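For the sequence shown, this note's numbering assigns the number 10 to the initial residue and increments by one for each residue that follows. Virtual Cβ for every residue (Gly too), placed ideally from N, Cα, C. This one's a predicted model, so the numbers in the text were calculated from it and none came from an experiment.
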Amino acid sequence: MNYSVVKGTSYVLVHAEDMVIHNGTTQSTERVVNPDSEYLKKLPNHLRSFDEAVNYIPNQVYIGNMKPEELKNYEQPWYNKPLENASRDGKFGEIMPEDEFIGLIKIVDAFDLVKLTTEFTEEVRAKLEKHPLINEELLARLKKGDELADIEKLIDEQGAEALYLDNKVVGCVKRGHDVDANLTAHVLFENLVCKASGVLAGLNLVAKNDFNPEDVDYVIECSEEACGDMNQRGGGNFAKAIAEMVGFTNATGSDTRGFCAAPAHALIVAASLVQAGTFKNVVVVAGGSTAKLGMNGKNHVGKDMPILEDVVGGFAVLVSENDGVNPVLRTDLVGRHSVGTGSSPQAVMSGLVTEPLDNAGLKITDIDKYSVEMQNPDVTKPAGAGDVPAANYKMLGALGVMRKDLERSQINEFMEKHGMEGWAPTQGHIPSGVPYLGFAREDILEGKIKNTMIVGKGSLFLGRMTNLFDGVSIVVEKNPGKADEEKGVSEEEVRKLVAESMRDFASHLLQD
Numbered sequence: 010m011n012y013s014v015v016k017g018t019s020y021v022l023v024h025a026e027d028m029v030i031h032n033g034t035t036q037s038t039e040r041v042v043n044p045d046s047e048y049l050k051k052l053p054n055h056l057r058s059f060d061e062a063v064n065y066i067p068n069q070v071y072i073g074n075m076k077p078e079e080l081k082n083y084e085q086p087w088y089n090k091p092l093e094n095a096s097r098d099g100k101f102g103e104i105m106p107e108d109e110f111i112g113l114i115k116i117v118d119a120f121d122l123v124k125l126t127t128e129f130t131e132e133v134r135a136k137l138e139k140h141p142l143i144n145e146e147l148l149a150r151l152k153k154g155d156e157l158a159d160i161e162k163l164i165d166e167q168g169a170e171a172l173y174l175d176n177k178v179v180g181c182v183k184r185g186h187d188v189d190a191n192l193t194a195h196v197l198f199e200n201l202v203c204k205a206s207g208v209l210a211g212l213n214l215v216a217k218n219d220f221n222p223e224d225v226d227y228v229i230e231c232s233e234e235a236c237g238d239m240n241q242r243g244g245g246n247f248a249k250a251i252a253e254m255v256g257f258t259n260a261t262g263s264d265t266r267g268f269c270a271a272p273a274h275a276l277i278v279a280a281s282l283v284q285a286g287t288f289k290n291v292v293v294v295a296g297g298s299t300a301k302l303g304m305n306g307k308n309h310v311g312k313d314m315p316i317l318e319d320v321v322g323g324f325a326v327l328v329s330e331n332d333g334v335n336p337v338l339r340t341d342l343v344g345r346h347s348v349g350t351g352s353s354p355q356a357v358m359s360g361l362v363t364e365p366l367d368n369a370g371l372k373i374t375d376i377d378k379y380s381v382e383m384q385n386p387d388v389t390k391p392a393g394a395g396d397v398p399a400a401n402y403k404m405l406g407a408l409g410v411m412r413k414d415l416e417r418s419q420i421n422e423f424m425e426k427h428g429m430e431g432w433a434p435t436q437g438h439i440p441s442g443v444p445y446l447g448f449a450r451e452d453i454l455e456g457k458i459k460n461t462m463i464v465g466k467g468s469l470f471l472g473r474m475t476n477l478f479d480g481v482s483i484v485v486e487k488n489p490g491k492a493d494e495e496k497g498v499s500e501e502e503v504r505k506l507v508a509e510s511m512r513d514f515a516s517h518l519l520q521d
């Protein structure tokens with residue numbers, strides 16, 4: 010069967026120091042319920058600089074400058090073991106500073122909602138002119154800038170959301186409607202951040218994988234935001250909005266939502282669309298979330314740690330027709346948390362992992378690497394959530410023992426061989442399975458592993474519509490070579506069959 014392939018990936022981070030203070034939900038809520046909070050007073054002293062965020066080991070792994078297995082060389086916690094002279098540019102993407110990102114927010118703004126001061130506009134223009142992915146057409150969208158007094162008036166009198174840099178106002182996001190709660194400045198700001206970080210991921214996908222953006226047919230956006238108005242509050246479409254900015258001029262698209270599990274859902278949809286022949290090249294992309302900035306900040310400040318949730322994340326994946334080379338997406342090895350699965354950890358893991366393996370006659374140990382919820386334990390352990398990836402791998406090992414795929418004494422060995430340390434920022438959907446996909450593609454192409462299972466899980470109950478949990482998984486494996494779609498044989502075999510038929514035909518002619 011000619012499965013679709015993972016042809017490229019990108020991963021980006023945006024350092025958002027001021028957005029932690031002014032836009033993260035934990036901080037915004039604290040200002041309302043406890044404006045004299047000691048936490049808010051201490052918070053500014055626990056923020057990292059851009060260089061500190063770049064030198065942070067897990068961030069370097071996320072953008073591809075370090076391998077996940079290298080994390081084992083550093084004792085946890087990692088935040089107090091900075092690298093020296095780390096690069097903002099990575100094999101898979103980049104880490105962008107906050108000022109450049111604010112400029113990018115203005116660039117992707119299609120309705121003149123974003124106003125930046127004249128002084129800041131010129132400063133950020135000079136920086137973005139040097140950015141290799143910001144071309145003249147995009148740069149022209151910065152325009153000239155506005156007077157600070159006019160921007161402050163929009164903030165004070167018309168409900169605009171202030172944009173800060175070094176705790177100073179450098180711009181604002183205007184509301185999109187006088188009474189529509191879905192077009193308030195705050196919501197539009199969140200959506201613009203999601204769009205801009207998705208655009209950054211898309212631009213890096215093209216640049217890092219050297220393909221023609223005009224060849225993309227379809228885009229699936231799978232973040233946790235929703236854009237719309239009072240008549241269709243989640244109507245969309247981030248996918249097409251991002252495609253427009255990246256240059257996917259021949260693509261259409263749509264948004265897929267499923268909380269943290271959405272990227273895995275989107276990957277399966279993309280693989281199926283390409284395999285079916287509906288589209289040749291599908292991009293799965295997601296921007297990040299400002300709401301989750303500093304989400305566990307109280308715990309971090311309380312333990313005299315820096316705020317580690319100071320980055321907005323994004324990623325993109327190119328799924329294409331089988332080229333006989335890149336790793337294939339096994340659409341026949343898909344796990345799912347069905348409505349009747351149940352919500353116990355064992356039931357969830359059985360539905361996502363063991364059931365698809367049983368269908369293929371595989372053991373748990375037949376999958377070389379499992380990419381589960383790859384949250385950075387530096388963030389989650391001080392917050393009381395423990396080491397999330399390790400807990401998942403321990404559960405997988407226990408299931409393996411129950412299935413007699415391994416002995417109880419082999420659980421730690423299983424975790425070491427088939428698991429990984431977590432490195433992804435806690436941006437909800439960002440850690441869920443997909444952070445390893447770029448490394449998996451490389452490792453499979455280099456022959457280091459033969460397969461991996463990407464596992465996404467989501468908490469649907471957060472939306473107050475159902476108490477159900479959710480999740481899907483898909484196996485990615487080494488490409489066995491392109492097969493003829495009709496006969497299921499290789500191109501070389503087709504050529505041999507044709508040659509044999511011609512010889513037989515010529516022989517019959519001679520006999521006649």
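With DSSP collapsed to three states, give me the class of aspartate 522. Not covered by the structure: residue 522. The range shown for the chain is 10 to 521.
Looking only at its chain, what residues have a beta carbon closer than 6 Å to the beta carbon of asparagine 259, apart from the 5 residues adjacent to it on each side? Position 250 of the sequence shown, counting from 1, holds the residue named residue 259. For asparagine 259, where only same-chain residues beyond five positions count, the Cβ hits under 6 Å are Glu223.
Measure the CB-CB distance between tyrosine 88 and lysine 307 and report whether it falls below 8 Å. Taking the sequence shown and counting its residues from 1, one reaches residue 88 at position 79. Taking the sequence shown and counting its residues from 1, one reaches residue 307 at position 298. Not in contact: tyrosine 88 and lysine 307 (Cβ atoms no closer than 8 Å).
Measure the alpha-carbon distance for valine 357 versus leucine 122 and round it to whole angstroms. Locating residue 357 in the sequence shown gives position 348, counting from the first residue. Locating residue 122 in the sequence shown gives position 113, counting from the first residue. C-alpha separation (whole angstroms): 43 Å.
If you draw a straight line from the alpha carbon of aspartate 264 to that of glycine 344, how long is it in whole angstroms? Along the sequence shown, one-based indexing puts residue 264 at 255. Along the sequence shown, one-based indexing puts residue 344 at 335. Their Cα atoms are separated by approximately 21 Å.
Please confirm whether leucine 405 and tyrosine 445 have their CB atoms less than 8 Å apart. Here the question's residue 405 lines up with position 396 in the sequence shown. Here the question's residue 445 lines up with position 436 in the sequence shown. The answer is no: Cβ separation not under 8 Å.
Who does isoleucine 104 pair with in a DSSP beta bridge? Within the sequence shown, numbered from 1, the residue matching residue 104 stands at position 95. Under DSSP, isoleucine 104 forms a beta bridge with Leu22.
What's the call for glutamate 93, buried or exposed, on a 16-neighbour Cβ count within 10 Å? Position 84 of the sequence shown, counted from the start, is the residue given in the question as residue 93. Around the beta carbon of glutamate 93, a 10 Å sphere encloses fewer than 16 other beta carbons of the protein chains shown; the residue is thus reported as exposed.
Can you list, in chain order, the residues of its chain whose CB lies under 7 Å from that of valine 388, leaving out five sequence neighbours each side? Against the sequence shown, residue 388 aligns to sequence position 379. The beta carbon of valine 388 sits closer than 7 Å to the beta carbons of Asn305, Leu317, Glu318 and Thr435 from its chain, once the five residues preceding and following it are set aside; these are given in chain order.
Specify, as a first and last residue, the run of the beta strand (DSSP E) that glutamate 486 falls within. As a position in the sequence shown, residue 486 is number 477, starting the count at 1. Membership of glutamate 486 in the beta strand (DSSP E) is indicated by the continuous run 479 to 486.
What number of angstroms, rounded off, separates the C-alpha of aspartate 313 from the C-alpha of glutamine 36? Within the sequence shown, the letter at position 304 stands for residue 313. Within the sequence shown, the letter at position 27 stands for residue 36. Near 17 Å, if we compare the C-alpha coordinates of glutamine 36 and aspartate 313.
Enumerate in chain order the residues of its own chain whose CB-to-CB distance from alanine 210 is below 8 Å, with the five nearest sequence positions on each side excluded. The sequence position of residue 210 within the sequence shown is 201, counting from 1. Correct list, in chain order: Ser19, Tyr20, Val21, Gly102, Val294, Ala295, Gly296, Gly323, Phe324 and Ala325.
Tell me, please, whether the segment 115 to 129 touches the segment 179 to 196 by the rule of three or more beta-carbon pairs shorter than 8 Å. By the criterion of at least three beta-carbon pairs nearer than 8 Å, the segment 115 to 129 is in contact with the segment 179 to 196.
Please report how far the alpha carbon of valine 188 lies from the alpha carbon of alanine 235, in whole angstroms. To locate residue 188, count along the sequence shown from 1; it is residue 179. To locate residue 235, count along the sequence shown from 1; it is residue 226. Cα to Cα, the separation comes out at about 18 Å.
Asparagine 200: first and last residue of the uninterrupted alpha helix (DSSP H) it sits in: As a working mapping, residue 200 is identified with position 191 in the sequence shown. Going by DSSP, asparagine 200 is part of the alpha helix (DSSP H) stretching over 194 to 218.
Any 3 or more C-beta pairs closer than 8 Å across the segment 102 to 117 and the segment 130 to 138: Yes, they touch.
Tell me which residues share the same chain as glutamate 495 and place their Cβ nearer than 6 Å to its Cβ, disregarding the 5 neighbours each side in the sequence. Residue mapping note: residue 495 aligns to position 486 of the sequence shown, counting from 1. The predicted position of glutamate 495 is uncertain, since its pLDDT is 44 and thus under 50; a value taken from the coordinates is nonetheless stated next. For glutamate 495, there are no CB contacts under 6 Å within the same chain when 5 residues up- and downstream are skipped.
With a cut-off of 8 Å, does the C-beta of asparagine 305 fall near any C-beta of chain B? Chain labels in this structure do not include chain B; a single protein chain is all it has.
Based on the DSSP output, what are the partners of glycine 344 in its beta bridges? As a position in the sequence shown, residue 344 is number 335, starting the count at 1. Paired residue(s): Ser482.
Since glutamate 26 and leucine 52 are thought to touch, with beta carbons under 8 Å apart, how far apart are those beta carbons, to the nearest angstrom? By one-based count along the sequence shown, residue 26 stands at place 17. By one-based count along the sequence shown, residue 52 stands at place 43. At roughly 11 Å, the Cβ-Cβ gap does not stay under 8 Å, so glutamate 26 and leucine 52 are not in contact.
Say yes only if the C-beta of phenylalanine 120 is nearer than 7 Å to one or more non-hydrogen atoms of the ligand FMN, and no if none qualify. Summarising the ligand content, the structure contains no ligands, and the ligand FMN is consequently not present.
Between which two residues does the beta strand (DSSP E) harbouring leucine 471 extend? Here residue 471 refers to the residue found at position 462 of the sequence shown. That residue, leucine 471, is in no beta strand (DSSP E); it is neither H nor E in DSSP.
Where does serine 46 fall in DSSP's three states? Translated into the one-based positions of the sequence shown, residue 46 becomes position 37. Residue state, collapsed to three classes: coil.
Go through its chain and collect everything with a Cβ distance to alanine 171's Cβ below 6 Å, but skip five positions before and after it. Taking the sequence shown and counting its residues from 1, one reaches residue 171 at position 162. Cβ neighbours of alanine 171 beyond the five flanking positions: Ile164, Val178 and Cys181.
Hey, asparagine 11 and asparagine 331 are a contact pair by Cβ (cut 8 Å); roughly how many whole angstroms apart? On the sequence shown, position 2 is the one that residue 11 refers to. On the sequence shown, position 322 is the one that residue 331 refers to. The Cβ separation is near 4 Å, so the contact holds.
Can you tell me whether proline 67 is buried or exposed, with buried defined as 16 or more other CB within 10 angstroms of its CB? Within the sequence shown, the letter at position 58 stands for residue 67. Its Cβ being crowded by 16 or more others within 10 Å, proline 67 is buried.
Throw me the rounded Cβ distance for the threonine 363 and arginine 412 pair, which I believe falls under 8 Å. Your numbering for residue 363 matches position 354 in the sequence shown. Your numbering for residue 412 matches position 403 in the sequence shown. With a Cβ gap of about 7 Å, threonine 363 and arginine 412 count as contacting.
By the 10 Å Cβ neighbour count, where 16 or more other Cβ atoms means buried, how is lysine 115 classified, buried or exposed? Here residue 115 refers to the residue found at position 106 when the sequence shown is read from its first residue. Buried is the label assigned to lysine 115, since at least 16 other Cβ atoms lie within 10 Å of its Cβ.
Mapping the DSSP letters down to three states, classify methionine 462 as helix, strand or coil. Locating residue 462 in the sequence shown gives position 453, where the first residue counts as 1. Here methionine 462 sits in strand by DSSP.
Suppose you measure from the CA of valine 278 to the CA of leucine 212; what does that come to, to the nearest Å? The residue you call residue 278 lines up with position 269 of the sequence shown. The residue you call residue 212 lines up with position 203 of the sequence shown. Roughly 22 Å between the two C-alpha positions.
Kindly provide the ranges of any alpha helix (DSSP H) runs that are 4 or more residues long and lie completely inside the segment 280 to 317, ordered along the chain. Every alpha helix (DSSP H) of 4 residues or more that sits fully in the segment 280 to 317 is shown, in chain order, as 306 to 311.
Tell me the rounded alpha-carbon separation between leucine 366 and valine 481. Counting from one through the sequence shown, the residue named residue 366 turns up at place 357. Counting from one through the sequence shown, the residue named residue 481 turns up at place 472. Distance between the alpha carbons of leucine 366 and valine 481: 13 Å.
What first and last residue would you give for the beta strand (DSSP E) that runs through glycine 409? Walking along the sequence shown from the start, residue 409 turns up at place 400. Per DSSP, glycine 409 belongs to no beta strand (DSSP E); it is in the alpha helix (DSSP H), 397 to 411.
Starting from leucine 172, follow the beta strand (DSSP E) in both directions and report where the run begins and ends. For the purposes of this step, residue 172 is taken as the residue at position 163 of the sequence shown. Its beta strand (DSSP E) spans residues 170 to 174.
Where does valine 362 fall in DSSP's three states? Here residue 362 is taken as the residue at index 353 of the sequence shown, counted from 1. Here valine 362 sits in helix by DSSP.
For a quick check, are the C-beta atoms of glycine 2 and proline 272 less than 8 Å apart? Because the chain is modelled from 10 through 521, residue 2 falls outside the range shown and cannot be assessed.
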